[in-house]
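**Student:** Quick note: to get the working numbering, add 82 to the position in the sequence shown (first position is 1). Just so you know, even glycine gets a beta-carbon here, dropped at the ideal spot from N, CA and C. Dumping the structure here so I can ask a few things about it.
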Amino acid sequence: MKRALAAIALCAALAGCARSPAERVEWTTMGTVAAVQMRGGADAATVEIVRRAFDDVERLLNAHDPGSELSRLAPLPEDEILAKCDPRMRPCYEAAFRLMRETDGAFNPRWRGPATLDLGGIAKGFALDLAEEELRRSGAAAGAGDVLVDLGGNLKAVAGTWTVGVYAPEGIGRRPTLRLSAGSSCATSAEYVRGKHIYDGRTGQAVSNDVLSVTVVHPTGAMLADGLSTVMFIFGRDKGEAFLGAHYPDARPTWIMSAK
Numbered sequence: 083m084k085r086a087l088a089a090i091a092l093c094a095a096l097a098g099c100a101r102s103p104a105e106r107v108e109w110t111t112m113g114t115v116a117a118v119q120m121r122g123g124a125d126a127a128t129v130e131i132v133r134r135a136f137d138d139v140e141r142l143l144n145a146h147d148p149g150s151e152l153s154r155l156a157p158l159p160e161d162e163i164l165a166k167c168d169p170r171m172r173p174c175y176e177a178a179f180r181l182m183r184e185t186d187g188a189f190n191p192r193w194r195g196p197a198t199l200d201l202g203g204i205a206k207g208f209a210l211d212l213a214e215e216e217l218r219r220s221g222a223a224a225g226a227g228d229v230l231v232d233l234g235g236n237l238k239a240v241a242g243t244w245t246v247g248v249y250a251p252e253g254i255g256r257r258p259t260l261r262l263s264a265g266s267s268c269a270t271s272a273e274y275v276r277g278k279h280i281y282d283g284r285t286g287q288a289v290s291n292d293v294l295s296v297t298v299v300h301p302t303g304a305m306l307a308d309g310l311s312t313v314m315f316i317f318g319r320d321k322g323e324a325f326l327g328a329h330y331p332d333a334r335p336t337w338i339m340s341a342k
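In structure tokens:
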């Protein structure tokens, strides 16, 4: 699992299209940098809706706050957690427990112990999905032009097509380049910037393999892209590709591997 520490963006939007440059509004939340990029002019209502969605996820799913919903529910069994959690947060809990079962515990929200919960490997992606849902419910997405939402390098194209790049482990610059169409998302797991911080939930030990970076693009779910990038990093390329083929064939990984 990815520890909930301050993140450096490993995926970033590149230059806006020639017909309309992108404006970017940034702030900090969930231990990282959040942003909304918009073509056609900044829209304060769009930014505020995204900000509120991110704030709600940070308040409710913060593993480091003993008063958060996540911390209060942590000692309970799965069925009670799903019954008592905030209904808006339930998809995040459900997805984390489903990935735990599908990966035989490699992705494990209880990796710190049976009475603990840590959704750090999936919550940022969930926050992007929640923000998109709130934008569409409010009607703001319809009039805001092209919108890309960013949370620590987890990206979701709410509207429009966006070109994004993955930071390269060799140094300055980005590779490869990806395109996100409306509704699609990407998330990257890597350790060449922050060091060892991804843990195998089966052992509680830091992952050590030949993966430098893996970026997962999903056509609809930022939460799944986030969780699956963690799974891919833990499993490695061969087992990771087999897992996606069996469980999430719509997800598309891009790997940067060690030459060793």
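1. Count the other C-beta atoms from every protein chain shown that fall within 10 angstroms of the C-beta of R261, then say buried if there are 16 or more, exposed otherwise.
2. Along the chain, where does the beta strand (DSSP E) containing L326 start, and where does it finish?
3. Run through DSSP, which three-state label would S271 get?
4. Buried or exposed for E162, please, with buried defined as at least 16 other CB atoms from any protein chain shown within 10 angstroms of its CB.
5. Please go through the same chain and pick out, in chain order, the residues whose beta-carbon is closer than 6 Å to the beta-carbon of M112, but skip the five residues on each side of it.
6. Which of the three DSSP states, helix, strand or coil, is assigned to A88?
7. Starting from I338, trace the beta strand (DSSP E) in both directions and tell me its first and last residue.
8. Whose C-beta lies closer than 8 Å to the C-beta of A307 among residues of the same chain, with five residues either side of it excluded?
9. Any idea what DSSP makes of I204, helix, strand or coil?
10. Using C-beta distances below 6 Å, list every residue in its chain close to T185, excluding the 5 sequence neighbours before and after it, in chain order.
11. Within 10 angstroms of its Cβ, does G322 collect 16 or more other Cβ (buried), or is it exposed?
12. Determine the DSSP secondary structure at V229, reduced to helix, strand or coil.
13. If I'm right that G51 touches A188 with Cβ under 8 Å, what's the distance once you round it to whole angstroms?
14. Got a sec, what are the start and stop residues for the alpha helix (DSSP H) T114 sits in?
15. Would G149 pass as a contact of G227 if the rule is Cβ separation under 8 Å?
16. Who are T111's beta bridge partners in DSSP?
**Tutor:** The structure says:
1. Locating residue 261 in the sequence shown gives position 179, where the first residue counts as 1. When all chains shown are included, R261 counts as exposed.
2. As a working note, residue 326 is residue 244 in the sequence shown. Not the beta strand (DSSP E): L326 falls in the alpha helix (DSSP H), residues R319 to H329.
3. Counted from its first residue, the sequence shown places residue 271 at position 189. Three-state DSSP puts S271 in a strand.
4. Walking along the sequence shown from the start, residue 162 turns up at place 80. Burial call: exposed.
5. In the sequence shown, residue 112 corresponds to position 30, counting from 1. Cβ within range, chain order: E140.
6. Taking the sequence shown and counting its residues from 1, one reaches residue 88 at position 6. Summary for A88: the model assigns pLDDT 32, below 50, so the residue's position carries little reliability, and this model does not support an answer.
7. Position 256 of the sequence shown, counting from 1, holds the residue named residue 338. Run containing I338: R334 to M339, per the beta strand (DSSP E) assignment.
8. Within the sequence shown, residue 307 is the residue found at index 225, counting from 1. Closer than 8 Å at Cβ, skipping near neighbours: G207, N236, S267, C268, A269, V298, V299, H300 and A333.
9. By 1-based counting over the sequence shown, the position of residue 204 is 122. In this structure, I204 counts as coil in the three-state DSSP scheme.
10. Numbered from 1 along the sequence shown, position 103 holds the residue referred to as residue 185. The answer, listed in chain order, is V313.
11. As a first step, residue 322 must be located in the sequence shown, where it is residue number 240. The residue is buried, with at least 16 neighbouring Cβ atoms inside 10 Å.
12. Indexing the sequence shown from 1 puts residue 229 at position 147. Strand.
13. The structure shown has nothing for residue 51, since the chain only spans 83 to 342.
14. As a working note, residue 114 is residue 32 in the sequence shown. First-last for T114: T114 to R121, but that is the beta strand (DSSP E), not the alpha helix (DSSP H).
15. The residue you call residue 149 lines up with position 67 of the sequence shown. The residue you call residue 227 lines up with position 145 of the sequence shown. For G149 and G227, no; Cβs fall outside 8 Å.
16. Position 29 of the sequence shown, counted from the first residue, corresponds to residue 111. In the DSSP output, where bridge partners are listed per residue, T111 has T114.
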